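Peer 1: In this note's numbering, the protein residues as written are 327 to 597.
1. Taking residue 519 as the reference, give the member of 499, 548, 479 with the closest Cα.
2. Is residue 367 closer than 7 angstroms to residue 404 when the C-beta atoms are compared?
3. How is residue 328 classed by DSSP in three states: helix, strand or coil?
4. Mind checking residue 331: buried by the 16 CB within 10 Å criterion, or exposed?
5. Which same chain residues end up closer than 7 angstroms to residue 501 when comparing Cβ atoms and leaving out the 5 residues on each side of it in sequence?
6. Which complete beta strand (DSSP E) runs does the region 425-455 hold, if anything under 3 residues is left out?
7. Three or more C-beta pairs under 8 angstroms: does that hold for the region 482-495 against the region 578-593?
8. Going by C-alpha to C-alpha distance, which of 389, 363, 423, 481 sits closest to residue 350?
9. Is it right to say residue 514 is buried, meaning 16 or more other beta carbons lie within 10 angstroms of its own, or is it exposed?
10. Measuring alpha carbon to alpha carbon, tell me which of 385, 561, 488 ends up nearest residue 448.
11. Does residue 456 pass the burial test, meaning 16 or more other C-beta atoms within 10 Å, or should it be called exposed?
12. Taking the alpha carbon of residue 565 as the reference point, which residue from 498, 379, 517, 387 has its own alpha carbon closest?
13. Taking the beta strand (DSSP E) that residue 507 belongs to, which residues open and close that run?
14. Using DSSP bridges, identify the partner residues of residue 411.
15. Residue 533 and residue 472 - do their beta-carbons sit closer together than 7 angstroms?
16. Nearest CA to the CA of residue 451: which residue from 436, 392, 364?
17. Would residue 553 be called buried (16 or more neighbouring beta carbons within 10 Å of its own) or exposed?
18. Does the region 502-510 come into contact with the region 421-431, if we say contact requires no fewer than three beta-carbon pairs (one atom in each stretch) closer than 8 angstroms?
Below, the structure is given as structure tokens:
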């Protein structure tokens, strides 16, 4: 009987071992429901809200590579910890961004994290648990976006420090909102309420804080009812345009951001 099950491609989930990469990242809590292949990744820093830093991004790059290489992962839930989706940034972790080699490390990891997220061949459910005022463009690579009514979206740090929002914000928010609306959002550092984001199609469902994880799991289980090949290929079909837009705009945007980061370092050193 066991041989027959293997021949048919069925999996005995009771004998599966926990993949070692689940526990390899101290800023990402990773778990999987072996019954349907729904993987949950929760960002955090020492058990609290995630603080954006260079080590965190480097962990995401490696984790996304491992996640995408594991055929047992069929649907991904991506979320944060506590009442903030992502906090920071920890500028000290970037080092001297006036040094081209240091900026290369920053921009390379930021680029790889965003591209790797979009390149995953599985649908992604985003459970936005709190204000997303930092790297909210990651959310725009996800397929289904759930948010609590307390959530708001904003690009807080770029213009606050006088640097170009060229790390994907300029590409993905323009695609999500339209060129004119996105320019206002980015230039004015608009704080967009969850209800407004829903009316504009950025958020798909508003969910009470205490129900967010449960609803994300239910949506992921609904998606997981599809055949594996359909999950992979529908994700590819629905992200092809975004991949092309990122390929066209991300390198240029990061180069411009790097120039203004050098200017920021110069201005700070002259104080």
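The C-beta atom is built at its ideal place from N, Cα and C for all residues, glycine as well.
Quantities reported herein were computed from a predicted structural model and do not represent experimental measurements.
Peer 2: If we stick to the structure as given:
1. The residue labelled residue 519 in the question sits at position 193 within the chain shown. The residue with the shortest Cα to Cα distance from residue 519 is 479.
2. Position 78 of the chain shown, counting from 1, holds the residue named residue 404. Position 41 of the chain shown, counting from 1, holds the residue named residue 367. Yes, these two residues count as a Cβ contact at 7 angstroms.
3. Translated into positions along the chain shown, residue 328 becomes position 2. Model confidence at residue 328 stands at a pLDDT of 39, short of 50, so the residue's coordinates are unreliable and nothing is read from them.
4. Residue 331 sits at position 5 when you count from the first residue of the chain shown. A caution first: residue 331 carries a pLDDT of 36, below 50, which makes its placement in the model unreliable, though a value can still be read off. By the 10 Å Cβ count, residue 331 comes out exposed.
5. Counted from its first residue, the chain shown places residue 501 at position 175. Closer than 7 angstroms at the Cβ level, and outside the excluded window around residue 501, lie 568, 571.
6. Unbroken beta strand (DSSP E) runs of no fewer than 3 residues, entirely contained in the region 425-455, are found at 450-454, following chain order.
7. Contact check between the region 482-495 and the region 578-593: three or more CB pairs, one atom from each, fall below 8 angstroms, which counts as touching.
8. For the purposes of this step, residue 350 is taken as the residue at position 24 of the chain shown. Closest by alpha carbon: 389.
9. If you number the chain shown from 1, residue 514 lands on position 188. Residue 514 comes out exposed.
10. The sequence position of residue 448 within the chain shown is 122, counting from 1. The residue with the shortest Cα to Cα distance from residue 448 is 561.
11. Taking the chain shown and counting its residues from 1, the one referred to as residue 456 is at position 130. The residue in question, residue 456, is buried, as its Cβ has 16 or more Cβ neighbours within 10 Å.
12. As a position in the chain shown, residue 565 is number 239, starting the count at 1. Comparing Cα positions, the closest option is 498.
13. Start at 1 with the first residue of the chain shown, and residue 507 comes out as number 181. Looking at the DSSP string, residue 507 is not in any beta strand (DSSP E); the run it does join, the alpha helix (DSSP H), is 505-513.
14. Looking up residue 411 in the chain shown gives position 85. According to DSSP, residue 411 bridges with nothing at all.
15. Position 146 of the chain shown, counted from the start, is the residue given in the question as residue 472. Position 207 of the chain shown, counted from the start, is the residue given in the question as residue 533. Yes, these two residues count as a Cβ contact at 7 angstroms.
16. Translated into positions along the chain shown, residue 451 becomes position 125. Here the closest residue by C-alpha is 364.
17. Looking up residue 553 in the chain shown gives position 227. In the assembly as shown, residue 553 is an exposed residue. Its beta-carbon has fewer than 16 other beta-carbons within 10 Å.
18. no
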